[in-house]
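The opening residue of the sequence shown carries number 56 in our numbering; numbering runs sequentially from there.
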Amino acid sequence: MNHRWGDPVRFPHKTEHECLNGCRTIKVTRHESEAARDVVWPEFWRDGEKIEGDSTPECEPVAVGGCAVFSPDRMYRYRLERELPGEGIIAAIIMVNGSDADETSNDHTVRKLIGFGTRLGWRRIIIGNLFAFVSTDISGLRTAADPIGSDNDRHLEEIIAAADIVIVGWGTVKKLPEALRKRWIDVVRIADRLGQQLYCLDVTDDGHPKHPLMIGYDAVPHPWDAPWFPNRVPAGLEVAP
Ligand SMILES: [Zn+2]
């Protein structure tokens, strides 16, 4: 994403702009007069150190705080939170499975969500998953005895209830082991029961909500209707065990 430079702060031979996205980058424009000519050049600084290189460094906003709820053996991650510098809404994001990200360290997806949330002015992100089982990729779900996690529905309910907006992003269900492809219906049911409309950033070919990593920063959340049944799951539709 692009930096969003704040108002200039002027000094005798330089002007500083801090990035309002919270990536901690400061653009320093230096200006000197040399032989009656003005010479101007930019520098980029972060945390008191100059960033080397000729190009503008990436804008990677950082969270101002975070926490996580794991099972005691840490095989299941039920909830992951990040506090953002914004003062806007609380967004819940429901994706596929637990990842390496924890109380303090971010993975690719969490960094991307912090980017989205910063741009949209969110104040907090709460991440939940269809499957709380911690695995770096979906294939790990195939071998897990209980990929969902015994406490997951309770946490999903709390996450969805706590959010101002619930964004789903589990991607196409075709990539999941067959027995797990209807798990998303449980989440639709929980949201339905709590009166929460589900949102997505984009949809896949099979009508499922695209994963945030596959979406550009210009996307904005819009209401998502579950494929096959607008707004709600018809009674009697059995969920695969
Ligand atoms: Zn920035």
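Backbone N, C-alpha and C fix where the C-beta goes; we use that ideal spot for every residue, glycine too. Note that the structure is a prediction, hence the values are computed from the model and not measured.
- In this chain, the alpha helix (DSSP H) harbouring residue 239 covers 239-248.
- At a threshold of 6 Å, residue 76 counts as near ligand 1, since its beta carbon sits closer than that to one of the ligand's heavy atoms.
- Under the DSSP definition of a beta bridge, residue 184 partners with 150.
- Residue 145 is bridged by DSSP to 179.
- Taken atom to atom, the span from the alpha-carbon of residue 112 to that of residue 106 is near 8 Å.
- In terms of Cα proximity to residue 225, the closest of 63, 86, 184 is 184.
- Exclusion of the five residues before and after residue 155 leaves 162, 191 as the residues of its chain whose Cβ lies within less than 7 Å of its Cβ.
- Beta-bridge pairing by DSSP links residue 155 to no other residue.
- Looking at the backbone, the Cα of residue 221 and that of residue 213 are separated by about 12 Å.
- Within the chosen limit of 6 Å, ligand 1 does not reach the beta carbon of residue 227 with any heavy atom.
- Going by C-alpha positions, residue 269 is about 29 Å away from residue 205.
- Ligand 1 approaches residue 58 closely enough that one of its heavy atoms is under 6 Å from the residue's Cβ.
- The beta carbons of residue 179 and residue 137 sit about 7 Å from each other, so the pair counts as a contact at 8 Å.
- When only Cα atoms are considered, residue 134 and residue 125 end up about 7 Å apart.
- Per the coordinates, the alpha-carbon of residue 68 lies some 21 Å from the alpha-carbon of residue 108.
- Residue 80 has its Cβ nearer than 6 Å to a heavy atom of ligand 1.
- Of the residues assessed, residue 177 falls on the buried side of the cut-off, its CB having 16 or more other CB atoms within 10 angstroms.
- Contact between residue 238 and residue 203 holds, since their C-beta atoms are separated by about 7 Å, short of 8 Å.
- The beta-bridge partner set that DSSP reports for residue 88 consists of 93.
- The residue among 188, 58, 197 with its C-alpha nearest the C-alpha of residue 128 is 188.
- Secondary structure of residue 227 (DSSP, three-state): coil.
- In the DSSP assignment, residue 212 falls within the unbroken alpha helix (DSSP H) covering 207-217.
- When DSSP states are grouped into helix, strand and coil, residue 165 belongs to the helix group.
- Per the coordinates, the alpha-carbon of residue 186 lies some 15 Å from the alpha-carbon of residue 266.
- Taking a C-beta distance under 7 Å as the contact criterion, residue 173 and residue 211 do not qualify as a contact pair.
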